[in-house]
Amino acid sequence: MTPLIIGISSGIFLIILFEVLKRYDKQIVYGLILTGIGFIYIGFTWTDLSSLIINSTQAVFFLALAYYGIKKNMNLLALGYFLHGSWDIAYDILGQPDLVPPHYDVFCLSIDFTIGIYLLFIARSIKLKLNKSNV
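Everything in the sequence shown is counted per this note's numbering, starting at 24 for the first residue and increasing by one.
In C-alpha cells, the structure reads:
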C-alpha cells in the first residue's frame, strides 16, 4: 500500500509543481519525464544482457512516443504514461523482477497513471477551448 500512496502523492506533487511554474511548457516537461522513466530500467538491468536489450528497446520506444506526444498531441503523452505503467506491471511477469527494486512496479504504475489521467484532463480542456473559440 505504501508504494501506491507514494506514487500517487509524487504524481500529484509533480502536477501541482508544474501548475505553479506556469512558464514551463507542460507538454515538453511531461514528454521529458516520460523519456527519463523509460531509461531508468536500463540502470536497473545493465548487468544482464538480455534484460538490457529488452529495456533499451522499450526506452527507445518511450523516447519516440514522448517525441510524438510533444510534437503532435497530448493524448499520445497520456498513452505513453499508461503504457509505461502497464510495462511496470508486465515486467514482473516477463522480465527479471529481481533486477528492479522491490515494489517499484506498484510505485511506478501509480505515478504513471496519476500523470496519465492528468494529461487526458489537460488534452480534453485544450480541445474544449479550441471548440469554443471556433464557434
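Beta carbons are placed, not taken as given, at the ideal position from N, Cα and C, and that holds for glycine.
Look up Arg147 in the DSSP assignment and say whether it is helix, strand or coil.
-> In the sequence shown, the residue the question calls residue 147 occupies position 124. Here Arg147 sits in helix by DSSP.
Would you mind stating whether Asp135 and Tyr104 have Cβ atoms separated by less than 9 Å?
-> As a working mapping, residue 135 is identified with position 112 in the sequence shown. As a working mapping, residue 104 is identified with position 81 in the sequence shown. Going by C-beta atoms, Asp135 is nearer than 9 Å to Tyr104.
Tell me the start and end of each unbroken alpha helix (DSSP H) in the segment 49-118 that is at least 4 residues and wholly inside, in chain order.
-> 49-68, 72-94, 97-117
Cβ of Ser133 within 9 Å of Cβ of Gly108?
-> Taking the sequence shown and counting its residues from 1, one reaches residue 133 at position 110. Taking the sequence shown and counting its residues from 1, one reaches residue 108 at position 85. Yes; because the gap between Cβ atoms is below 9 Å, this pair is in contact.
First and last residue of the uninterrupted alpha helix (DSSP H) at Val123 | The residue you call residue 123 lines up with position 100 of the sequence shown. Membership of Val123 in any alpha helix (DSSP H) is not indicated, and neither H nor E is assigned to it by DSSP.
Since Thr58 contacts Phe85 with CB under 8 Å, what's their CB separation in whole angstroms?
-> Working through the sequence shown from its first residue, we reach residue 58 at position 35. Working through the sequence shown from its first residue, we reach residue 85 at position 62. That pair is a contact at about 6 Å.
Met97 versus Ile35, Gly139, Asn154, Leu40, residue with shortest Cα-Cα distance | Counting from 1 along the sequence shown, the entry for residue 97 is found at position 74. Of the candidates Ile35, Gly139, Asn154, Leu40, the one whose C-alpha sits nearest the C-alpha of Met97 is Gly139.
Cβ separation of Gly54 and Leu100, assumed to be a contact under 8 Å, to the nearest whole Å | Start at 1 with the first residue of the sequence shown, and residue 54 comes out as number 31. Start at 1 with the first residue of the sequence shown, and residue 100 comes out as number 77. Indeed they touch by this definition, with Cβ atoms about 6 Å apart.
Test item: CB-CB of Gly30 and Phe130 under 9 Å = Mapped onto the sequence shown, residue 30 falls at position 7. Mapped onto the sequence shown, residue 130 falls at position 107. Yes.
Lys155 (DSSP reduced to helix, strand or coil) | Translated into the one-based positions of the sequence shown, residue 155 becomes position 132. Here Lys155 sits in helix by DSSP.
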